[in-house]
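Each position in the sequence shown, counted from 1, maps to that position plus 32 in the working numbering.
Reading through the structure tokens given below for one structure.
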Amino acid sequence: MTMRTARVPTPLQQLLRACRNAFKGPGTVPSPRHVQKLRRILDNMRPEDFGLSGDLRFPTPRVRYTTIYECNKFSLCCFFIPANGVIPLHNHPDMTVFSKLLLGKMHIKSYDWVDPVNSDGSTPAPQLRLAELKADNVFTASCNASVLYPTKGGNIHAFTAITPCAVLDVMGPPYSIEDGRDCTYYKDHPYAAYSNGGAAVTEEKHDSYGWLEEIEMPEYAEMDRIEYLGPRVTERSS
Numbered sequence: 033m034t035m036r037t038a039r040v041p042t043p044l045q046q047l048l049r050a051c052r053n054a055f056k057g058p059g060t061v062p063s064p065r066h067v068q069k070l071r072r073i074l075d076n077m078r079p080e081d082f083g084l085s086g087d088l089r090f091p092t093p094r095v096r097y098t099t100i101y102e103c104n105k106f107s108l109c110c111f112f113i114p115a116n117g118v119i120p121l122h123n124h125p126d127m128t129v130f131s132k133l134l135l136g137k138m139h140i141k142s143y144d145w146v147d148p149v150n151s152d153g154s155t156p157a158p159q160l161r162l163a164e165l166k167a168d169n170v171f172t173a174s175c176n177a178s179v180l181y182p183t184k185g186g187n188i189h190a191f192t193a194i195t196p197c198a199v200l201d202v203m204g205p206p207y208s209i210e211d212g213r214d215c216t217y218y219k220d221h222p223y224a225a226y227s228n229g230g231a232a233v234t235e236e237k238h239d240s241y242g243w244l245e246e247i248e249m250p251e252y253a254e255m256d257r258i259e260y261l262g263p264r265v266t267e268r269s270s
């Protein structure tokens, strides 16, 4: 009698299965239990799980990205950023996002909105909105995954590559212009530059806040989409 050995799911298949269990669609946030499981899987993932090596080559100075998997509840995307390349400050409306730096060294800056600004709801200028700085640090692969939520955890962030980088983003739900989840870009200004606006932030905390101004998408924010050539995932595989 021949015994059949159960096939162990690959890390990518495990991630896809966990995403299907965690993301329930627009208007929902994964439960703490599902967040913990996703982070545990992502923390253990390595570049080779996506068919990547440490030798990242960039034919142009533009950021490249590839979609590994996408449905109406979540997407798995990998971004490739050349040294000194930037993904400018942008938001993730009504989305929960897990980021895993697979290769390289990267500076990440992130903010969350602060409301209200003043007791009367005003701001120093109509185009500005107060935000609290949540991260302003350098990360090196393979650090643990980070998670941002619709209203906390650094929903508005920017990536600046110090060395060539590959970063995996798990986004749920994915961007969708039709469903009101378009990407908005921002420019940040030091809090002290407009501190006469009367917002109740003590002087010793000025460095922990900034004013964000909505801007048009910068030209350098344009990315090149490339074909995903790593291990495949299918509906049946998870």
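Positions of the beta carbon are idealized from the N, C-alpha and C atoms, including for glycine.
Residue i bridges to which residues according to DSSP?
| i | result |
| --- | --- |
| residue 164 | 144 and 241 |
| residue 304 | The structure shown does not extend to residue 304, since the chain is modelled only from 33 to 270, so the question has no answer here. |
| residue 169 | 140 |
| residue 133 | 199 |
| residue 224 | BP columns for residue 224 are empty, so no partner. |
| residue 122 | 189 and 217 |
| residue 113 | 197 |
| residue 97 | 111 and 257 |
Quick one: what does DSSP say residue i is sitting in, helix, strand or coil?
| i | result |
| --- | --- |
| residue 157 | coil |
| residue 33 | Below a pLDDT of 50, predicted positions are generally treated as unreliable, and residue 33, at 47, falls in that range; the measurement from the model is reported next regardless. Correct three-state label for residue 33: coil. |
| residue 213 | strand |
| residue 64 | helix |
| residue 69 | helix |
| residue 246 | strand |
| residue 174 | coil |
| residue 49 | helix |
| residue 256 | strand |
| residue 85 | coil |
| residue 263 | coil |
| residue 182 | coil |
| residue 269 | Reliability fails at residue 269, whose pLDDT of 42 lies under 50, so the model's placement of it is uncertain and no value is given. |
Can you find the residues in the same chain that come closer than 7 Å, C-beta to C-beta, to residue i, ignoring five residues on each side of it along the sequence?
| i | result |
| --- | --- |
| residue 114 | 90, 93, 193 and 196 |
I believe residue i touches residue j by the beta-carbon criterion, under 8 Å. Please report the beta-carbon distance rounded to the nearest angstrom.
| i | j | result |
| --- | --- | --- |
| residue 182 | residue 126 | 5 Å |
| residue 86 | residue 163 | Going by Cβ atoms, the distance from residue 86 to residue 163 rounds to 35 Å, so no, they are not a contact pair. |
Near residue i, which residues of its chain fall below 6 Å by C-beta distance, leaving aside the five closest residues on each side in sequence?
| i | result |
| --- | --- |
| residue 81 | 43 and 44 |
| residue 52 | none |
| residue 99 | 109 |
| residue 141 | 168 and 190 |
| residue 46 | 73 |
| residue 96 | 112, 256 and 258 |
Apart from the five residues just before and just after residue i, which ones in its own chain have a Cβ nearer than 8 Å to its Cβ?
| i | result |
| --- | --- |
| residue 76 | 43 |
| residue 121 | 141, 143, 188, 189, 190, 217, 218, 219, 220 and 244 |
| residue 263 | 42, 44, 81, 82 and 83 |
- Three-pair Cβ contact test at 8 Å for the stretch 230-249 versus the stretch 207-221: Touching, yes, given that three or more Cβ pairs across the two stretches are closer than 8 Å.
- Item | the stretch 52-63 / the stretch 157-173 touching (three or more Cβ pairs under 8 Å) | no
- Could you tell me whether the stretch 157-167 touches the stretch 103-119, using the rule of 3 or more Cβ pairs below 8 Å? no
- Message: For the stretch 202-209 against the stretch 105-112, do three or more pairs of beta-carbon atoms, one drawn from each stretch, fall closer than 8 Å, so that the two count as touching?
- Response: yes
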